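Heads up, the sequence shown is in the numbering used here, so the first residue is 1494 and it goes up one at a time.
Comments concern the structure below.
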Amino acid sequence: MIHADHTSFSLDNSYGTCPKCKHPLIKGKKGYGCSKWKEGCNYVLWSSYKDITLTDEQAKTLLHGSVIHGIKPDTILSLSESGYVNEITFKPTPRKIYKKAK
1494 MIHADHTSFS LDNSYGTCPK CKHPLIKGKK GYGCSKWKEG CNYVLWSSYK
1544 DITLTDEQAK TLLHGSVIHG IKPDTILSLS ESGYVNEITF KPTPRKIYKK
1594 AK
């Protein structure tokens, strides 16, 4: 456990590293931000994105470089290298149904 100026976080429960300065991320009231915010790093992944509220596990998934699908139909969320949310919407290709010839 690390304690720094009323901020504490556990490295084994890590949300990942800040895309801007590479320091550990911590959970705040409204999102997941850099532990060096007092030193001027302003990176935050907000808990609310459009009409989606991210759970801790979903935030960890994004912050560790993976994608999330299934939150909204036909949508995948990921983070860019700079830490911004990418929303990829796709339309499933309709399958053609062929009837058997008699």
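Quick reminder that beta carbons are idealized off the backbone N, C-alpha and C, glycines included.
Keep in mind the model is a prediction, meaning the values are calculated, not measured.
query                                                                                                                   : result
Three-state secondary structure assigned by DSSP to lysine 1553                                                         : helix
Close-in-space but distant-in-sequence residues of the same chain around lysine 1543 (CB under 8 Å, 5 per side omitted) : Glu1580
Meets three-Cβ-pair contact criterion under 8 Å: the stretch 1529-1538 and the stretch 1508-1515                        : yes
Buried or exposed by the 16-neighbour rule on C-beta atoms within 10 Å, applied to isoleucine 1590                      : exposed
Burial state of alanine 1594, where buried means 16 or more other Cβ atoms lie within 10 Å                              : exposed
Completely contained alpha helix (DSSP H) runs for the stretch 1528-1587, where each covers 4 or more residues          : 1549-1556
Close-in-space but distant-in-sequence residues of the same chain around lysine 1523 (CB under 7 Å, 5 per side omitted) : Trp1539, Ser1540
Residue range of the beta strand (DSSP E) that includes lysine 1520                                                     : 1518-1520
Per DSSP, cross-strand counterpart(s) of glycine 1509                                                                   : Answer is none; glycine 1509 lacks a bridge partner.
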